[in-house]
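Numbering (our numbering), first residue to last: 8 to 564.
Written below as structure tokens is the structure these notes are about.
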């Protein structure tokens with residue numbers, strides 16, 4: 008039973024997690040194209056029973072030439088129904104699942120170590136794990152938006168916790184199965200991580216599986232039935248497009264490297280060259296290099312990954328104070344690994360899906376990694392507090408409380424400083440230093456276009472900032488039935504993505520040749536960046552980033 012003290016602590020942690028995820032949720036950061044795609048497609052389903060491209064109630068949603076797992080779209084759908092087509096509708100589900108994940112981590116840790124007393128005084132491991140996840144930069148960042156990955160991580164944690172409960176009560180095994188399957192319908196990376204995680208469960212809990220094999224029939228049947236539609240869908244465009252898009256196996260640079268290495272042997276048919284330089288060797292090396300980068304200190308503690316949308320300036324995906332906690336935790340686990348097998352296994356496999364892509368390290372695709380890292384950090388904190396308590400016991404009794412209290416103040420003072428710095432970077436600097444990452448200015452642009460819609464026959468809008476057409480559909484609340492049959496997707500670019508160039512009066516394309524553009528687009532309103540619009544152009548209006556730089560310049564041609 009949870010004590011009144013720890014119950015109060017848990018309530019306070021959940022309230023803190025809620026505040027950090029819901030505060031200014033509709034405005035910070037600005038809505039990005041991926042979020043707009045989720046919420047507009049949910050809106051389209053409500054209005055027409057089809058997605059933006061006319062597919063009826065799909066399992067995967069075609070988006071920018073890619074195919075996104077659909078469960079999060081359906082989670083968002085009732086929020087759109089009741090709240091309308093706005094930022095709240097797409098972000099409340101993610102923030103809510105983020106808060107619930109904090110609660111689940113408390114329950115998971117408690118279940119994992121129910122037979123061990125991992126605490127120091129009133130500081131219990133499950134309380135500290137929940138607290139660290141509540142303030143985690145990695146987890147907060149992807150809870151504050153319409154990110155499918157956040158829902159995927161929630162379902163993975165739910166699945167593991169329900170499995171542990173199921174080792175004593177069979178009914179929980181069905182819930183575990185439902186949760187793990189739900190994660191596969193939510194995010195691509197889960198389709199690699201979850202089977203590997205289940206494989207770990209089969210190994211670490213093999214005695215349970217053997218003794219309770221008759222009780223596993225129902226969960227297995229339920230899982231197989233639910234996976235059939237997904238497997239069928241993955242044999243089509245949804246599976247092929249993903250594999251041919253971001254996968255390292257689509258990277259021709261590796262093939263070119265193999266040919267270069269073989270050429271250095273003097274002959275492409277040299278036996279040594281064939282054995283040492285081939286797809287198996289080079290792709291394996293690439294995978295291992297990518298996997299290892301997710302454990303590198305710069306990514307974890309200093310700067311995050313290279314994609315601005317995925318990070319906060321000068322902050323890693325973890326806090327700096329977690330570095331010594333992780334070291335202490337891992338050393339303690341090495342001395343006594345009882346009950347830690349599945350946590351360590353999860354940590355090892357967590358970046359596997361991200362490592363199979365050409366962008367690495369990748370905070371989004373390795374997001375589930377935050378859970379085992381947080382649990383180990385919390386264990387390191389328990390050990391640190393225990394060492395502090397043991398160390399001061401050698402002092403005279405009259406000084407014991409003072410020294411221990413001072414130690415606690417120092418430890419939690421460092422944690423508070425690091426936490427405060429993160430909040431400062433997030434709320435003050437992120438929008439100013441990474442303004443284009445979340446497409447600031449598009450909302451204001453659409454408002455201006457709406458006010459001047461009848462004055463111009465055409466609008467040429469730069470697509471320099473990531474898929475503007477979907478944001479126009481969102482902010483205009485454009486009728487899906489009109490869009491579905493009146494647009495085409497371009498062919499894929501070098502990154503594997505497509506876009507929509509035209510609908511109604513709007514044409515979306517980068518402004519490259521200014522003289523040619525003004526000649527061909529006479530009478531149109533031309534909207535570009537300050538790098539696309541020359542100084543002598545007839546700029547009638549400007550829209551600015553939060554840092555004061557021009558986002559868009561609007562030219563009456």
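Here a beta-carbon is modelled for each residue, glycine too, at the ideal position from N, C-alpha and C.
Source: prediction; values computed, not measured.
The beta strand (DSSP E) that contains residue i, what's its start and end?
| i | result |
| --- | --- |
| residue 207 | Segment 197-211 is the alpha helix (DSSP H) holding residue 207; no beta strand (DSSP E) there. |
| residue 540 | Unbroken run through residue 540: none, as it is neither H nor E. |
| residue 513 | 513-515 |
| residue 466 | 466-468 |
| residue 74 | 73-76 |
| residue 68 | 67-70 |
Find the nearest neighbour of residue i within the set the options, judged by alpha-carbon distance.
| i | options | result |
| --- | --- | --- |
| residue 532 | 173, 315 and 518 | 518 |
| residue 556 | 524, 438 and 348 | 438 |
| residue 100 | 153, 413, 539 and 42 | 153 |
| residue 258 | 207, 238 and 365 | 365 |
| residue 136 | 148, 332 and 193 | 332 |
| residue 546 | 554, 539, 560 and 538 | 560 |
| residue 507 | 490, 522, 521 and 520 | 490 |
| residue 337 | 69, 157, 325 and 350 | 350 |
| residue 287 | 474, 272 and 261 | 261 |
| residue 298 | 342, 278, 363 and 244 | 363 |
| residue 239 | 65, 26, 281 and 411 | 65 |
| residue 237 | 190, 220, 398 and 460 | 190 |
| residue 89 | 50, 475 and 494 | 50 |
| residue 329 | 231, 293 and 377 | 377 |
| residue 379 | 163, 84, 156 and 25 | 163 |
| residue 326 | 315, 310 and 23 | 310 |
| residue 208 | 229, 142, 266 and 174 | 174 |
| residue 448 | 552, 353 and 352 | 552 |
| residue 418 | 539, 133, 388 and 68 | 388 |
| residue 497 | 474, 484, 481 and 486 | 474 |
| residue 493 | 476, 481, 511 and 313 | 511 |
| residue 138 | 27, 398, 10 and 276 | 27 |
| residue 218 | 253, 177 and 371 | 177 |
| residue 509 | 368, 398 and 465 | 465 |
| residue 140 | 24, 284 and 232 | 24 |
| residue 80 | 40, 134 and 155 | 155 |
| residue 535 | 469, 516, 169 and 523 | 469 |
| residue 314 | 134, 369 and 285 | 369 |
| residue 527 | 20, 467 and 485 | 467 |
According to DSSP, residue i sits in a beta bridge with which residue or residues?
| i | result |
| --- | --- |
| residue 254 | 364 |
| residue 560 | 535 and 549 |
| residue 57 | 63 |
| residue 507 | 496 |
Report back the beta-carbon spacing between residue i and residue j to the nearest angstrom; my notes put them in contact at under 8 angstroms.
| i | j | result |
| --- | --- | --- |
| residue 373 | residue 301 | 5 angstroms |
| residue 159 | residue 197 | 5 angstroms |
| residue 32 | residue 98 | 5 angstroms |
| residue 463 | residue 530 | 7 angstroms |
| residue 216 | residue 224 | Contact flag wrong, Cβ pair sits at about 12 angstroms. |
| residue 194 | residue 76 | 6 angstroms |
| residue 324 | residue 521 | 41 angstroms between Cβ atoms; not a contact. |
| residue 115 | residue 180 | Going by Cβ atoms, the distance from residue 115 to residue 180 rounds to 16 angstroms, so no, they are not a contact pair. |
| residue 479 | residue 513 | 6 angstroms |
| residue 390 | residue 357 | Actually they do not touch by this definition, with Cβ atoms about 22 angstroms apart. |
| residue 554 | residue 525 | About 29 angstroms; that fails the 8 angstroms criterion. |
| residue 450 | residue 483 | Contact flag wrong, Cβ pair sits at about 11 angstroms. |
What residue range does the alpha helix (DSSP H) around residue i cover?
| i | result |
| --- | --- |
| residue 170 | 155-173 |
| residue 288 | 286-300 |
| residue 5 | The chain is shown only over 8 to 564; residue 5 falls outside these bounds and no answer can be derived. |
| residue 270 | 259-270 |
| residue 184 | 178-191 |
| residue 489 | 487-491 |
| residue 6 | An answer regarding residue 6 cannot be provided, because it is not within the stretch 8 to 564 covered by the chain. |
| residue 523 | 521-527 |
| residue 230 | 224-241 |
| residue 314 | Careful: residue 314 lies outside any alpha helix (DSSP H) and carries neither H nor E. |
| residue 151 | Element bounds for residue 151: n/a, residue is neither H nor E. |
| residue 350 | 348-356 |
| residue 306 | First-last for residue 306: undefined, no H or E at that position. |
| residue 336 | 329-342 |
| residue 475 | 475-483 |
For a cutoff of 8 angstroms on Cβ pairs, would you count residue i as touching chain D?
| i | result |
| --- | --- |
| residue 166 | No chain D appears in the structure shown, which is made up of a single protein chain. |
Give, in chain order, every unbroken run of the alpha helix (DSSP H) that is at least 4 residues long and sits entirely within the region 366-453.
-> Fully enclosed alpha helix (DSSP H) runs of 4 or longer: 377-399, 404-431 and 437-440.
Output the residue ranges of the beta strand (DSSP E) runs that lie fully inside the region 14-44 and measure 3 residues or longer, sorted by chain position.
-> As far as the region 14-44 is concerned, it has no whole beta strand (DSSP E) run of at least 3 residues.
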